[in-house]
Amino acid sequence: NNPRLVLADVPTGNLDARNADSIFQLLGELNAAQGTAFLVVTHDLQLAKRMGRQLEMRDGRLNAELTLMGAE
Numbered sequence: 001n002n003p004r005l006v007l008a009d010v011p012t013g014n015l016d017a018r019n020a021d022s023i024f025q026l027l028g029e030l031n032a033a034q035g036t037a038f039l040v041v042t043h044d045l046q047l048a049k050r051m052g053r054q055l056e057m058r059d060g061r062l063n064a065e066l067t068l069m070g071a072e
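According to UniProt numbering, the sequence shown is numbered sequentially starting from 1.
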């Protein structure tokens with residue numbers, strides 16, 4: 001399979017920092033090599049800051065949107 005979009009619901013929730021970093025590196029590599037887009041749900045703001053675009057939800061509503069240039 002070569003999906004255009006992968007949904008990841010808290011993919012690093014039970015991982016230590018080292019393994020969480022490895023997962024996010026892998027997502028970045030797949031994005032760069034295959035053009036795969038990832039919709040990632042996370043509660044870890046440090047990991048969220050590594051994404052090219054962030055959408056923040058609060059109380060079931062879109063609260064903020066941030067697009068980062070040069071994200072990892």
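Ideal placement from N, C-alpha and C gives every residue a C-beta, glycine not left out.
Excluding the 5 residues preceding and the 5 following residue i in the sequence, name in chain order all residues of the same chain whose CB lies nearer than 6 angstroms to its CB.
{"i": "Asp-9", "result": "Val-41"}
{"i": "Glu-56", "result": "Asn-63 and Ala-64"}
{"i": "Leu-5", "result": "Ala-37"}
{"i": "Ile-23", "result": "Pro-11 and Thr-12"}
{"i": "Leu-66", "result": "Gln-54"}
If I follow the unbroken beta strand (DSSP E) through residue i, where does it start and stop?
{"i": "Arg-58", "result": "53-58"}
{"i": "Asp-9", "result": "5-9"}
{"i": "Thr-67", "result": "61-67"}
Is it buried or exposed for residue i, if we count other Cβ within 10 angstroms and need 16 for buried?
{"i": "His-43", "result": "exposed"}
{"i": "Thr-12", "result": "buried"}
Looking only at its own chain, which residues have a Cβ that is under 7 angstroms from the Cβ of residue i, when we skip the five neighbours before and after it?
{"i": "Leu-30", "result": "Thr-36"}
Just how far apart, CA to CA, sit residue i and residue j?
{"i": "Lys-49", "j": "Asn-2", "result": "26 angstroms"}
{"i": "Gly-28", "j": "Leu-15", "result": "18 angstroms"}
{"i": "Arg-18", "j": "Gly-60", "result": "31 angstroms"}
{"i": "Gln-25", "j": "Leu-47", "result": "11 angstroms"}
Exercise for review: Please specify which runs of the beta strand (DSSP E), each continuous and at least 3 residues long, are wholly inside the region 22-50, giving them in chain order.
Suggested key: 37-41
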